[in-house]
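In my numbering, the protein residues as written are 1 to 497. Okay, structure first, notes after.
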C-alpha cells in the first residue's frame with residue numbers, strides 16, 4: 001500500500017537509493033478505518049501485516065463492540081438466575097441496535113433459549129451483516145446427546161440454511177438441528193463447521209451446492225449422516241475437508257475436487273475411495289480408524305496413499321499403516337511419495353507386527369525427502385497381549401531411505417523392547433538427524449492437568465540410549481517436550497491414547 005511519492009535515503013558515503021513513501025499509512029485513522037470498512041473481514045485482518053500502524057486497526061472499523069458474543073452460564077443454578085441471564089443477553093442486543101458487526105457468537109445450554117429466542121438472535125446477526133456466525137448449544141434436550149450428539153431429541157432447536165447475512169463468510173454450528181432449502185445460493189460463504197449437528201444427507205448436499213466458494217468443510221460427530229456424496233455437486237474451490245466420527249456414514253464420495261489440499265478422516269473406514277478425485281492436488285492427509293480394531297474391515301480408503309505424488313504431510317494410525325504396508329508390498333507399481341516431508345504414525349499397539357508395519361512402509365514407500373518423523377506410542381502398558389509381544393521384530397529394518405531425516409519424536413516412550421528397536425534403527429540409519437525427542441507418557445491429575453511421568457525413564461535407561469550407535473555425531477537426544485516448531489502439523493489427534 002505504497003503511494004506514488006518518493007523519498008531518498010542515504011545508505012553510506014554519497015550513495016543514495018530511492019525509498020517508496022507510504023502515503024496511505026500516513027492518512028488519519030478515520031480515513032484508514034473508512035478504507036477498512038470497504039473490505040471483507042479476512043482482507044481487513046490481513047492489513048495488520050503492512051505496518052505497526054495498521055496492526056489491529058481492523059477491529060475498530062465498526063462502532064463498539066465490532067463483534068457480539070453472547071454466552072449464557074450453565075443452568076445448574078436457580079431458574080430465576082438463568083432467566084435473568086437470558087433476558088439480559090437479549091436486551092443487550094436491543095440496546096446495541098442493528099449496527100454492522102464483524103462476527104456474532106451465541107453459546108448456551110439446552111433449555112435456556114426457546115426457538116423464538118434462537119430465531120431472534122440469528123435474524124439480528126443477519127441484520128448486522130455479520131461475516132462470522134457461531135451458534136453453539138451444549139447439553140440438555142437442545143443439544144441432542146451431549147457434546148457429541150448429532151441425534152435429534154425432543155426439544156432440539158433448529159436453524160435453516162441459508163442462515164445469517166448476505167455477507168456471511170464463515171458458519172459454525174454445534175448441537176442444533178439444521179435444515180436447508182432447495183436452490184439457495186450463498187456466494188460469500190467459504191467455511192462451514194458442523195459439530196454434533198442433526199442434518200440429513202440431502203440437507204448437506206443442498207448446503208454444499210449453495211456455496212460455490214466453499215473452501216473448508218468440517219464435519220464432526222454428525223451421526224445422522226449416512227451418504228456423504230458430492231457426485232452431483234460441484235466443489236471446485238474446496239481446499240480442506242475433515243470428517244470425524246460420523247459413525248453412521250457408510251459412503252463418502254467426492255469424485256472431483258481439483259483444489260483439495262487437505263483431507264482428514266477419523267472413524268470407521270469406509271468402502272468408498274474419496275482420494276480418487278484429488279490425487280493430483282492433495283498435500284496433507286490424515287487417516288485414522290478411530291481406535292484399535294479386532295480385524296481389518298473391507299475398505300479401499302488407504303490404497304491410493306502410495307500414489308499421491310504431491311503429498312508432503314501424512315498421518316496414519318496403525319490400522320491404516322497396516323493397510324498401506326500390505327498393499328504396497330503386493331503392488332506391482334512403485335510408490336510415489338517422493339514429495340513427503342513429514343510422517344506421523346499413531347500407534348494403537350507396539351507389538352512385533354506393528355514394528356514390522358513401520359519397517360515395511362519405509363521399505364516399500366520410499367520417501368527420499370522425509371525430514372520429520374513423529375511416532376505416537378500407546379499408553380496402555382498393562383495388558384498381557386502387549387507384554388507378550390515386547391520382543392525383537394521379525395521384519396528386517398530397511399537399509400536406507402532416511403538420509404534427509406533431521407527430526408524425530410516418539411511420545412509415550414517407555415523404553416520397551418520394540419520401542420528401543422525403533423530408536424536404535426533411527427539413530428543408525430539417519431545420517432542427517434539433528435534432534436531425537438523421547439517423551440514419557442503423561443499422567444492425569446484430578447484437576448485435569450497432565451504431567452509427564454519423567455520417572456518412567458530411569459537414569460540407567462537414558463544412559464543406555466545415549467550410548468547407542470549413531471550415524472551422526474551431531475545427533476542430540478532430548479527427554480523433555482520440544483518447542484512449538486518441533487510439533488507435527490496434525491497436532492490435533494481425534495482419538496485418545
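The C-beta atom is built at its ideal place from N, Cα and C for all residues, glycine as well.
How about residue 169 and residue 207: are their beta carbons less than 9 Å apart?
To locate residue 169, count along the chain shown from 1; it is residue 169. To locate residue 207, count along the chain shown from 1; it is residue 207. For residue 169 and residue 207, no; Cβs fall outside 9 Å.
Exposed unless 16 or more other CB atoms sit within 10 angstroms - verdict on residue 464:
For the purposes of this step, residue 464 is taken as residue 464 along the chain shown, with counting starting at 1. Around the CB of residue 464, fewer than 16 other CB atoms lie within 10 Å, so the residue is classed as exposed.
Beta carbon of residue 244, beta carbon of residue 228: below 9 Å?
Translated into the one-based positions of the chain shown, residue 244 becomes position 244. Translated into the one-based positions of the chain shown, residue 228 becomes position 228. Against a cut-off of 9 Å, the Cβ pair of residue 228 and residue 244 comes out as no contact.
Roughly how many angstroms lie between the CA atoms of residue 434 and residue 377, to the nearest whole one?
Counting from 1 along the chain shown, the entry for residue 434 is found at position 434. Counting from 1 along the chain shown, the entry for residue 377 is found at position 377. So the two alpha carbons sit approximately 21 Å from each other.
Where residue 350 falls, given that 16 or more other Cβ within 10 Å makes a residue buried:
Translated into positions along the chain shown, residue 350 becomes position 350. Flag for residue 350 reads buried.
For residue 439, which beta-bridge partners are listed by DSSP?
Position 439 of the chain shown, counted from the start, is the residue given in the question as residue 439. As computed with DSSP, residue 439 is found in a beta bridge with 411.
Residue 235: buried (16+ other C-beta within 10 angstroms of its C-beta) or exposed?
The residue you call residue 235 lines up with position 235 of the chain shown. With 16 or more other CB atoms across the displayed protein chains lying within 10 angstroms of its CB, residue 235 is buried.
Would you decide whether residue 132 is buried or exposed? Buried here means 16 or more other CB atoms lie within 10 Å of its CB.
Counted from its first residue, the chain shown places residue 132 at position 132. Answer is buried; the Cβ neighbour count reaches 16.
Enclosing beta strand (DSSP E) for residue 202 [first to last residue]:
Taking the first residue of the chain shown as 1, we reach residue 202 at position 202. Here residue 202 belongs to no beta strand (DSSP E); instead the alpha helix (DSSP H) covers 201-209.
Identify the continuous alpha helix (DSSP H) that holds residue 195 and give its terminal residues.
Counted from its first residue, the chain shown places residue 195 at position 195. Note, residue 195: premise wrong, no alpha helix (DSSP H); beta strand (DSSP E) at 191-195.
Residue 498 to residue 193 span [Cα, whole Å]
There is simply no residue 498 to check, as the chain begins at 1 and stops at 497 in what is shown.
Locate the alpha helix (DSSP H) running through residue 124, then write down its first and last residues.
By 1-based counting over the chain shown, the position of residue 124 is 124. Where residue 124 is concerned, the enclosing alpha helix (DSSP H) stretches over 115-127.
Report the residue from 327, 409, 416, 458 whose alpha carbon sits nearest the alpha carbon of residue 426.
Indexing the chain shown from 1 puts residue 426 at position 426. Among 327, 409, 416, 458, the Cα nearest to that of residue 426 belongs to 409.
Reducing DSSP to helix, strand and coil, say where residue 103 ends up.
Residue mapping note: residue 103 aligns to position 103 of the chain shown, counting from 1. DSSP places residue 103 in strand when its eight states are reduced to three.
Specify, as a first and last residue, the run of the beta strand (DSSP E) that residue 477 falls within.
To locate residue 477, count along the chain shown from 1; it is residue 477. From DSSP, the beta strand (DSSP E) with residue 477 extends over 476-478.
Which same chain residues end up closer than 6 Å to residue 115 when comparing Cβ atoms and leaving out the 5 residues on each side of it in sequence?
By 1-based counting over the chain shown, the position of residue 115 is 115. So the list reads 157, once near-sequence residues are dropped.
Where do the ends of the alpha helix (DSSP H) carrying residue 328 lie?
The count along the chain shown starts at 1 and reaches residue 328 at position 328. From DSSP, the alpha helix (DSSP H) with residue 328 extends over 318-330.
Can you tell me the Cα-Cα spacing of residue 159 and residue 118, whole angstroms?
In the chain shown, counting from the first residue as 1, residue 159 sits at position 159. In the chain shown, counting from the first residue as 1, residue 118 sits at position 118. One Cα belongs to residue 159, the other to residue 118, and the distance between them is close to 8 Å.
Taking only the alpha-carbon atoms, compute the straight-line gap between residue 493 and residue 24 and give it to the nearest angstrom.
Residue 493 sits at position 493 when you count from the first residue of the chain shown. Residue 24 sits at position 24 when you count from the first residue of the chain shown. Using only the alpha carbons, I get a separation of about 44 Å.
Go ahead and label residue 44 buried or exposed: buried means 16 or more other beta carbons lie within 10 angstroms of its beta carbon, across all protein chains shown.
Indexing the chain shown from 1 puts residue 44 at position 44. Using a 10 angstroms sphere on the CB of residue 44, the tally of other CB atoms reaches 16 or more, which defines it as buried.
Under 8 Å Cβ to Cβ from residue 449, same chain only, skipping five residues before and after it: list those, please.
For the purposes of this step, residue 449 is identified with residue 449 of the chain shown, where counting begins at 1. Low confidence applies here, because residue 449 scores a pLDDT of 48, under 50, leaving its location unreliable and the question unanswered by this model.
Contact under 9 Å by Cβ, residue 305 with residue 285:
The residue labelled residue 305 in the question sits at position 305 within the chain shown. The residue labelled residue 285 in the question sits at position 285 within the chain shown. Yes, the Cβ-Cβ distance between residue 305 and residue 285 is below 9 Å.
Alpha-carbon to alpha-carbon, residue 189 and residue 90
In the chain shown, residue 90 corresponds to position 90, counting from 1. In the chain shown, residue 189 corresponds to position 189, counting from 1. Cα-Cα distance, rounded: 26 Å.
Give me the Cβ distance between residue 422 and residue 358, rounded to the nearest whole Å; I'm assuming they're in contact under 8 Å.
Reading the chain shown from its first residue, position 422 is the one you call residue 422. Reading the chain shown from its first residue, position 358 is the one you call residue 358. Their Cβ separation, rounded to whole angstroms, is 7 Å, which keeps residue 422 and residue 358 in contact under 8 Å.
Count the other C-beta atoms from every protein chain shown that fall within 10 angstroms of the C-beta of residue 485, then say buried if there are 16 or more, exposed otherwise.
The sequence position of residue 485 within the chain shown is 485, counting from 1. Residue 485 counts as exposed, since fewer than 16 other beta carbons sit within 10 angstroms of its beta carbon.
Residue nearest to residue 483 in terms of C-alpha spacing, selected from 436, 458, 474, 496:
As a first step, residue 483 must be located in the chain shown, where it is residue number 483. Ranking 436, 458, 474, 496 by Cα distance to residue 483 puts 436 first.
Best match in 267, 184, 191, 238 for proximity to residue 223 [C-alpha to C-alpha]:
Counting from one through the chain shown, the residue named residue 223 turns up at place 223. Distance from the Cα of residue 223 is smallest, within the candidate group 267, 184, 191, 238, for 267.
Pick out whichever of 215, 74, 204, 173 has its Cα sitting closest to the Cα of residue 187.
As a position in the chain shown, residue 187 is number 187, starting the count at 1. Nearest to residue 187 by C-alpha distance, out of 215, 74, 204, 173, is 215.
For residue 79, I'd like the list of residues in its chain whose CB is within less than 6 Å of its CB, leaving aside the five on either flank, ordered along the chain.
Your numbering for residue 79 matches position 79 in the chain shown. Cβ neighbours of residue 79 beyond the five flanking positions: none.
Cα separation between residue 142 and residue 97?
Along the chain shown, one-based indexing puts residue 142 at 142. Along the chain shown, one-based indexing puts residue 97 at 97. Low confidence applies to residue 142: its pLDDT is 43, below 50, so where it sits in the model is not reliable enough to give any reading.
By DSSP, does residue 179 sit in helix, in strand, or in coil?
Taking the chain shown and counting its residues from 1, one reaches residue 179 at position 179. If DSSP states are grouped into helix, strand and coil, residue 179 belongs with the strands.
Out of 226, 313, 432, which has the shortest C-alpha to C-alpha gap to residue 200?
Counting from one through the chain shown, the residue named residue 200 turns up at place 200. Taking only the C-alpha atoms, the option nearest residue 200 is 226.
Where does residue 47 sit, in a helix, a strand or coil, going by DSSP?
Residue 47 sits at position 47 when you count from the first residue of the chain shown. It is helical.
Just checking my contact of residue 167 with residue 135 at CB under 8 Å: how many whole Å lie between their CB atoms?
Here residue 167 refers to the residue found at position 167 when the chain shown is read from its first residue. Here residue 135 refers to the residue found at position 135 when the chain shown is read from its first residue. Contact flag wrong, Cβ pair sits at about 17 Å.
Compute the distance between the beta-carbons of residue 198 and residue 176, then report whether it is under 9 Å.
For this step, residue 198 is matched to residue 198 along the chain shown. For this step, residue 176 is matched to residue 176 along the chain shown. A contact, by the Cβ cut-off of 9 Å.
On the DSSP letters alone, give me the boundaries of the beta strand (DSSP E) that residue 364 sits inside.
The sequence position of residue 364 within the chain shown is 364, counting from 1. Counting along the chain, residue 364 falls outside any beta strand (DSSP E), though it belongs to the alpha helix (DSSP H) covering 352-364.
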